[in-house]
């Protein structure tokens, strides 16, 4: 098992239906500091780490003025929406299927510790996965590769260990590319297949459950 491919899975948006909640949370957070951006623009950034979102949507000046305040408020807005989030179809089945095939499994999240804890419990995943990450583990989040590299380190693997990333956004695919991992994607991020393929995704599935059924056709066979 030590030599098998390591599975590195995103949580937010990939296993838990949370992308649109996060977009709304960012909208509300930015409104609270006097800045309004269309929700569709914010949705296009979900999957990117919170340390990048404010710059991406409003530039360096906005980041300097309200970045920290907006991030703190976004976390509180997510708190208020947690009970409305649910696992995506087949999410836990995918975790079980990966482990049953003998792979080490790490959940790579740049979310805050309290949110990751909530998702782990929501998925009943603590006894399945080998380890997980949070925002406290890295200084630069996706699309930087740091989170995926830390995920490998969590299971004692070197940066060049055979591994595959499962995510839901172009930002996941970009981070995987920078980390030297192939990326499999589920469509819950709301990105077009062409965008995901152009970013480098090697396979695309509707849901985690569909991926669980199709693992035999992936590097996680």
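Residue numbers (the working numbering): 243 to 463. From the three backbone atoms N, C-alpha and C, an ideal C-beta is built for every residue, glycine too.
query: Roughly how many angstroms separate the alpha carbons of residue 385 and residue 290, rounded to a whole number?
result: 6 Å
task: Mind checking who residue 329 pairs with in its DSSP beta bridge?
output: 258
task: Within the same chain, show all residues whose beta-carbon is closer than 6 Å to that of residue 246, passing over the 5 residues directly before and after it, in chain order.
output: 344, 345
query: Which residue or residues does DSSP assign as beta-bridge partners of residue 312?
result: In DSSP, residue 312 forms no bridge with anything.
field: Alpha carbon of residue 250 to alpha carbon of residue 327, nearest angstrom
entry: 22 Å
query: Looking at the unbroken beta strand (DSSP E) that takes in residue 251, where does it start and where does it end?
result: Residues 248-251.
query: Near residue 442, which residues of its chain fall below 6 Å by C-beta distance, leaving aside the five closest residues on each side in sequence?
result: 415, 419
Under the three-state DSSP convention, the category residue 347 falls into: strand
message: Report the start-end ranges of each alpha helix (DSSP H) in the segment 383-416 that is 4 residues or longer and not cut off at the edges.
response: 388-396
query: If you draw a straight line from the alpha carbon of residue 323 to that of residue 263, how long is it in whole angstroms?
result: The C-alpha of residue 323 lies about 7 Å from the C-alpha of residue 263.
field: residue 373 in three-state terms, based on DSSP
entry: strand
- prompt: With a cut-off of 8 Å, do at least 3 Cβ pairs link the segment 309-321 to the segment 267-277?
  reply: yes
message: Could you check whether residue 431 and residue 261 sit closer than 8 Å to each other, using their CB atoms as the reference points?
response: yes
task: Name the one or two DSSP bridge partners that residue 445 has.
output: 426
query: residue 255: buried (16+ other C-beta within 10 angstroms of its C-beta) or exposed?
result: Under a 10 Å Cβ-count criterion, residue 255 is classified as buried, with 16 or more other Cβ atoms of the shown protein chains found around its own Cβ.
task: Look at the alpha carbon of residue 452 and the alpha carbon of residue 332, and state the distance between them as a whole number of angstroms.
output: 7 Å
Environment of residue 448 [buried if 16+ CB atoms lie within 10 Å]: exposed
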